[in-house]
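For the sequence shown, our numbering begins at 170 and goes up steadily by one.
For each residue, glycine too, the CB sits at the ideal point set by N, CA and C.
Only one structure is covered here, and it is reproduced in the block below.
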Amino acid sequence: MRDPYSILGVKRDADSDEIKAAWRSKAKTVHPDHNRDDPDANARFTEIGQAYDLLKDPKKRGLYDQARRASDGKQREQTIMQKREAAREAARQAAERAKAAEKLMEELARAQARNEKATAESEEGPSATTTSGSTKPETPEDMLERIFGAEAKVKGGADSGKSGVAGSAEDASAQETAEAGNSVALGFFNALIRRFKPAPPVVEKAPDMTAEAIVTVSDIIAQKQVTLRMPDERDVRFQLPIGATDGHVVRLKGQGLKLPDAPRGDLVVTVLTRDDAFTVKGYDIHTSLPIALADAVLGCEAKVQSPRGEQQLSVPAWSGSDKAIHVPGKGLQKDDGTFGDLVVELRIVLLETPDAKVTDLMRHMREGLYL
């Protein structure tokens, strides 16, 4: 169920009279008898009734408000953490780019010096070449391979390096060497642009949304399908999984917030049990059994209602209200296929009308007089 306050159209600080008035108005408007041509009228009428049942009870309303505040706080914290992580990643990438740029500028300066020296030696003649060795200028691709490894080679810069080795005549060699020296810087920068062109920004998905699904214990046992009405008027449906219990979290991929140019976030649903007859603690289902004073003292056989039907149990003699009887395997199913317990809490109740014999017996026991 989506937010009950939005269903009834009231503020979160609305008092009980406002909530009741809003419920009456909404229920009258969407009542199925007045909307026979609307196939969704019954579902909307039921949703309004569930919202009113939750908000009219101060205890249920308090629990819902508490769970909602905790969920909102968790969502804000998650959004802040995502922003911080994105900022750290951007700073790391910027530092890497700055370090790479500094290293490349140093290598460019060295390459320029080497190429100028090679040009000068070419102009001096063949003897200088023989003395100093090969005067072939380093191409941009060779430079990138030397700095970053063989995988740094890119296509397109090979033509700029061929001019340094073409020809065998002395005049052609000198001319081509000079041309290579003039073009190496441009080729180097072109290669850098191809290699270090900023990668397209990674599109992060939109922040996750949170919601609560109010269900009964029977709904969890039957693994019923739950329908949530989202603020953007979408209906999101999911089936209660095995292992669900009070506070269980279900993540629905791609069912959350939608932002422009970003994948839709997830919907994180917290399952909350609201049941008039039973409470859930972990995977145990708790209920209460009223017994008479005589049965508590002497013990008895009793029957108790559970979500799985009527259960027979034995109440041991001398069982007080602090006594709880566990019925194994009658609780909720766990992830591993096992089951929790049905926990029956005893409640001693007196007869509706005073009994003179019981009163006299208690008086004598309290005052130390025995018959």
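- Task: Determine the burial state of Glu285: buried for a count of at least 16 other Cβ atoms within 10 Å of its Cβ, exposed for fewer.
- Result: exposed
- Task: Name, in chain order, the residues that DSSP records as bridge partners for Gly218.
- Result: Its beta-bridge partners do not exist; DSSP assigns none.
- Item | Contacts around Thr299, its chain only, beta-carbon distance under 7 Å, and the 5 residues preceding and following it disregarded | Any reading at Thr299 needs caution, since the residue's pLDDT is 44, under 50, leaving its predicted position unreliable; the model's value is listed next. Cβ neighbours of Thr299 beyond the five flanking positions: none.
- Task: Tell me whether Glu276 sits in a helix, a strand or coil according to DSSP, three-state version.
- Result: helix
- Task: Rounded to whole angstroms, what's the CA-CA distance from Val179 to His200? Just pull it up for me.
- Result: 19 Å
- chain B beta carbons: is any one of them nearer than 8 Å to that of Tyr174? Given the protein chain composition of this structure (a single chain), no chain B is represented.
- Classify Met399 as helix, strand or coil using the three-state DSSP reduction. Here DSSP, grouped into helix, strand and coil, assigns Met399 to coil.
- Classify Thr439 as buried or exposed, calling it buried when 16 or more other Cβ atoms lie within 10 Å of its own Cβ. By the neighbour-count criterion, in which a residue is buried when 16 or more other Cβ atoms sit within 10 angstroms of its Cβ, Thr439 is buried.
- Enumerate in chain order the residues of its own chain whose CB-to-CB distance from Leu530 is below 7 Å, with the five nearest sequence positions on each side excluded. So the list is empty, once near-sequence residues are dropped.
- Task: Could you have a look at Ala471 and say whether DSSP puts it in helix, strand or coil?
- Result: Correct three-state label for Ala471: strand.
- In the DSSP assignment, find the alpha helix (DSSP H) that holds His533 and state where it starts and stops. Where His533 is concerned, the enclosing alpha helix (DSSP H) stretches over Ala525 to Glu536.
- Query: In chain order, what residues of the same chain lie with their CB nearer than 8 Å to the CB of Asp404, ignoring the 5 residues before and after it?
  - Reply: Thr396, Leu397 and Arg398
- For Ala380, which of helix, strand or coil comes out of DSSP? strand
- Task: Report the residue ranges of all alpha helix (DSSP H) runs contained in full by the segment 190-239; include only those spanning at least 4 residues, in chain order.
- Result: 210-225
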